[in-house]
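Take any residue in the sequence shown, count from 1 to its spot, add 25: that is its number in this note's numbering. All residues carry an ideal CB built from backbone N, CA and C; glycine is no exception. Only a predicted model underlies this, so the values are computations on that prediction, with no experimental measurement involved.
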Amino acid sequence: MNRFWSILFAIVPLAAFVVLSMVCLKLVPLSTMGLPQPINAPGQSIDFLFRLVHGLCAGVLFFTSITIVWSLWQSRSAAGGTRRAAYIKSNLLLELAWTAIPGALLLWLAFYQMEVWSDTRLNQPTQIIGQETVAVPPLVLVKARQYGWEFHYAGADQQIKTADDVYIENLLVVPANRDVVLELESRDVIHSFFVPELRLKQDIVPGMSHRVWFNANPADQLEILCTELCGEGHYRMRARMRVVAPATFDSWLDAEARKNQPAEFQ
Ligand SMILES: [Cu+2]
């Protein structure tokens, strides 16, 4: 019983280490818990940041766990009266160290991730038209609703929210290796647009327009998920997504436009 607490506190980080190793090495039954391979460059940078933050947290967990287990193990005989815990009122150097080191780490992380953040969230991709550099216009207006996804493609005029928009439900097809901008809106409650392979997630607030963008490699069988609990049918709010060669995309959109489906934008 003397060693119960030190063993208990040792089990937690050990279990965390085992679980993390199983996920990283794709061992059954945790082989599918990791994220799928990213299909765009920022996805790889985000994965690097993800692993970096996890690595730092694992280091802190390991260090604090070792300290706790060691202290408990050392004082296991205190109950027997042979050892007494020392009463330390304060230790300025130690307190400064455990404030400054995590603070500096967090500050460094905040600056270090800024480039990825601005690429993925602040700097909408641009294109050169004539002499001018202009923002790439949205290719698709995405309307989230309980419980499905509507995709209104810019028609021949290359503008969304116009009469020639091409309307498709629960299937998003986009050209590969091109800057694709989406405009996200909600018809009812808060939803969240998530494509795991793009490492792209954006809440969609009713009354607001959100823009997201990506430049992806070809990929099939992707899934768009709603990651905001939006009602009792939330679990079935999913759509398929395909990233295809630009020529394939153009002919696909032409064929869809010829079906002459009405645009249901507001
Ligand atoms: Cu939803």
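In the structure shown, Tyr112 adopts coil according to DSSP, grouped into three states. Per DSSP, Pro67 is one residue of the alpha helix (DSSP H) stretching across Ala66 to Gln99.
In terms of CA proximity to Asp279, Gln183 leads the group Gln183, Gly232, Ile229 and Arg261. In chain order, the residues with a C-beta atom nearer than 5 Å to some heavy atom of ligand 1 are His216, Cys251, Cys255 and Met262.
Segment contact: the stretch 219-236 against the stretch 171-183, fewer than three CB-CB distances shorter than 8 Å; contact not assigned. Here Arg236 is bridged, per DSSP, to Glu208. Thr151 sits in a strand when the DSSP states are folded into three classes. Only residues of its own chain outside the window of five on either side were considered, and among them Pro38 have a CB closer than 7 Å to the CB of Phe87, listed in chain order. Per DSSP, the beta-bridge partners of Ala264 are Ile249. For Val48, the CB contacts under 6 Å within the same chain, skipping 5 residues up- and downstream, are Leu55, Met58 and Gly59 in chain order. Under the three-state reduction of DSSP, Gly173 is assigned to strand.
Under the three-state reduction of DSSP output, Val214 falls in the coil class, being neither helix nor strand.
One Cα belongs to Leu197, the other to Met266, and the distance between them is close to 5 Å. For Ile36, there is no enclosing beta strand (DSSP E); the residue is part of the alpha helix (DSSP H) that begins and ends at Phe29 to Cys49. Under the three-state reduction of DSSP output, Pro200 falls in the strand class. It is roughly 23 Å from the alpha-carbon of Asp204 to the alpha-carbon of Ser211. Contact between the stretch 128-145 and the stretch 157-169 is absent: fewer than three C-beta pairs spanning the two stretches fall below 8 Å.
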